Every structure is written in C-alpha cells, then in structure tokens.
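Notes follow once the structure below has been shown.
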Amino acid sequence: MSRVDPAAIAGPIERWFEAARRELPWRSPGRASRRDPYVTLVSELMLQQTQAARVAERLPGFLDRFPSIEALARADEDDVLAAWSGLGYYRRARLLHAAAKAVIDEHDGSMPPDHAALLSIPGIGPYTAGAIASMAFDRPEPAVDGNVMRVLMRVLGLAGRADGRANIARVRELANAVAAAASSPGDAAEGLIELGAVVCSPRSPDCARCPLAEACAAHRDGRQHQVPEPKRRAPKRDLFITGVLCRDGSGRTLVSARARSGLWAGMLEPPTIESADRHATPAELEALKGVRSVRPQHGLEFEHLTTHRRVLFRLHQGAGEATGDVSWMTTEQIEAGALSTPHRRILLDSVLP
Ligand code: ADE
C-alpha cells in the first residue's frame, strides 16, 4: 500500500473540477462551492441512489413545489412523496421530510454548518453531513460515497472490496487529509465525486484524462480495473404482482394505497395480490376488496428490476366498486399522487381502454 500526499490530490482535483465540472441544477453558476444548504440537502439525498441525469430532471420541479425548508417541513407527507415520484427509494423522501421538520423544530429553521449537528438530523448520515458541511459551508469535511471510495481505493492501490472495514478506514483517513489540504473543501469533495462519475468509472476508468493519474497506485500498476474487487451479489428474489385494472363509465380507475411500510410504501396501485412464487388466478383476484369480476387478459405483462428483486407484473381488466380504502380516481388525481415507476406505467400509460 502506498503513502499518498493529500496535497497531491487536493490541488489537482480542485483545478480539474473548476475546469471540467458539468453544469447541473444543484451547482451555482460559476462557482461550485458555497451552495444553498437546503438545495444541497435535497440534491444530495436524491443523488444517493438515483443517477445525476434523472436528478437533474426532477430537482427543479421539487424545488418549485417546496422552495424552502419551511415549505417542505409544513407539507403533507403524501405531497412530498408525490413530488418524489419516479426517483425511487421513497424512504429517502420520508427522511428528507423528517429532516426538514427537525431543522425547523430543533435548529431554528436553518441548517447547521457543523458536521456533528448535521449528523443528529434524521436522514443525514456521514456522507450527507460531509457533503453539506463542505459544499454549502466550505468546512474541511470529507464526503465519501461509493464513487469517492472507488477513486481513493484506486489512488491508494488497496486490495479487497469497497465494503471492507480496513479499506473504509484507510480511505476515510485520506479523505480527511484531502479535505484539510484543500483550499476549497467543497470543490475538493464534489470534485472527487465528479471524477468518480465521469472519469474514474467502475468499468472503464479513463486514466489518460485523470488529474490524479500521477498519484494513483492502481494506475501505476495497471490494476485500475481490478480495484476495488467486485461485491458478490445475492441473486434477485422474484416477486409476482397480479393486479386488476377497473375503469368506471367516466374513465376513472380503481386504486388504493400500498401498505405504509415495505416496497413502494404508501404509493398508489390497482387492487393487487403479491406472491413469491406465482401469479394469482382470476378467481383469487375476484375475492379482493372492490373487485367484482375479472376478465383475464393475455399479454399485459412486464418485468421491473429493483436492487434486490425481479418484480413480475401481470394485469387483468375487471369491474369493481369503491369500498373502504379502494376508491375511484381520475387521471389528474393519480398524476398528483405518489406513484412508483412501474405503477405510473400501469395506471397512466396503460394500454387498456
Ligand atoms: N453524486 C452525489 N453527489 C453528487 C454531486 N454533487 N454531483 C454529481 N454527482 C453526485
């Protein structure tokens, strides 16, 4: 393992970021650091599990709807989930809402600049605390996400996987030192993230364009493709979801909200049965609340992959009635509600008449 001079990382990464950074809606024009703390909170939570291009599309709409942390704290959870539609991992939206309330109730309405105080806010872990402290307040704090872990593991030439304890400790130590050596810790932190996204990618690192190539042990040894070692992934589990699409005379659709916890918690769906090993039969679907009859459909099937699951959807048509928490909703009401990506396809882009 090699010793690395943090100044040989901080300077080159800041200069590279200044010149090469992509214009993205969470970056203020001209200068990346000292961004609005609320925008940094929202965007960094969105960016944790969603691609930058998708976040770039959705962030401006979210901020139009909730322009300040007060507006977000005061909002109904369902409205926050609706504004999060299409970004996936909806637990983040609930945590963001809880974070906004905590800032209003416990921090006099402004995001604290201090790493420890940020960590006490729900939904803010070490990465997000470091991102906000550095990018919004220019504090010398590191922000180590998966991208930065990969970049710095390569720089250090570490063996093993990115989730290994010793590797995490070694990378943190270097990231701390880089933050301390940076003239703009925000640019250094975001520069490392950007480098991981556009140059030091998992499968095709472009060392010829890399400002850290000279300092990089993996590059020197030609091992950039082998660092970090890949995770062994558990195979995805199957989930069969069989639903009934019922329309009334005025084109409304029968929907209910999913359970408050678990996959797509609280989001809209048609009457549905889930199983780990097979699709439900029409007779089983006819026993669901609100479903009166099912006309079996052939061909309305598709697959949706989540991180851990292969979800197999099959939809039938049917007739139904509103009862209990199953209700008729217009297209406009559904569009304004909380929808997962596959349920948007089922309820709004449906090929059914
Ligand atoms: N991923 C996480 N944070 C990011 C940022 N600030 N810019 C680009 N990609 C990111």
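Residue numbers (the numbering used here): 82 to 434. The beta carbon of each residue, even a glycine, is placed where N, CA and C say it ideally should be. In this text, all values refer to a predicted model and were calculated from it rather than measured experimentally.
Considering Cα atoms alone, identify which of the options is closest to residue i.
| i | options | result |
| --- | --- | --- |
| P351 | A294, D319, P423 | P423 |
| T138 | N228, S356, G169, L105 | A small fix is needed here, since residue 138 is Glu in this sequence, not Thr. If we check each option's Cα against that of E138, L105 comes out closest. |
| G142 | Q129, S124, D157 | S124 |
| M234 | A197, D329, R390, I249 | I249 |
| R390 | W409, G343, L366 | G343 |
| L177 | E355, H188, I150, S191 | I150 |
| A214 | A368, E158, A269 | A269 |
| C281 | Q414, Q305, R395, R103 | Q305 |
| A419 | A100, Q132, W165 | W165 |
| H397 | L381, T411, P87, L386 | L381 |
| P203 | A179, I427, G211, G241 | A179 |
| A260 | E222, R284, A340, Y170 | E222 |
| G227 | H188, L273, P266 | L273 |
Taking 7 Å as the cut-off, is the C-beta of residue i nearer than that to any heavy atom in the ligand ADE?
| i | result |
| --- | --- |
| E271 | yes |
| E382 | no |
| L105 | yes |
| I202 | no |
| I205 | no |
| A198 | no |
| I49 | Residue 49 is absent from the structure shown; the chain starts at 82 and stops at 434. |
| A278 | yes |
| A133 | yes |
| E125 | yes |
| I274 | yes |
| D226 | yes |
| L122 | no |
| L140 | no |
| V396 | In the sequence as displayed, the identity of residue 396 is Leu instead of Val. Every heavy atom of the ligand ADE is 7 Å or more from the Cβ of L396, so no. |
| L128 | yes |
Would residue i be called buried (16 or more neighbouring beta carbons within 10 Å of its own) or exposed?
| i | result |
| --- | --- |
| S201 | exposed |
| R231 | buried |
| F147 | buried |
| E271 | buried |
| R314 | exposed |
| A263 | buried |
| D329 | exposed |
| F98 | buried |
| E295 | exposed |
| A197 | exposed |
| G167 | exposed |
| S421 | buried |
| L239 | buried |
| S114 | Its pLDDT being 47, under 50, S114 is placed unreliably by the model, and the measurement read from it follows with that caveat. So S114 counts as buried. |
| L386 | exposed |
| G324 | buried |
For residue i, does the three-state DSSP call read helix, strand or coil?
| i | result |
| --- | --- |
| H424 | helix |
| M216 | helix |
| G211 | helix |
| E402 | coil |
| R108 | coil |
| R102 | coil |
| E222 | coil |
| F147 | coil |
| S124 | helix |
| R84 | coil |
| R253 | helix |
| R359 | coil |
| V280 | coil |
| R452 | Nothing about residue 452 can be reported from this structure: the residues present for the chain run from 82 to 434 only. |
| M410 | strand |
| G227 | helix |
| I205 | coil |
For the ligand GTP, is there a heavy atom less than 7 Å away from the beta-carbon of residue i?
| i | result |
| --- | --- |
| L176 | In terms of ligand content, the structure shown lacks the ligand GTP and carries the ligand ADE instead. |
Q: Mind listing, in chain order, the continuous alpha helix (DSSP H) runs of no fewer than 4 residues lying wholly within the region 151–185?
A: 158–165
Q.
I'd like the ranges of any beta strand (DSSP E) spanning at least 3 consecutive residues and lying wholly in the region 301–353.
A. 318–327, 334–338
Q: With a floor of 3 residues, list each beta strand (DSSP E) that falls wholly inside the region 373–398, ordered by position along the chain.
A: 382–386
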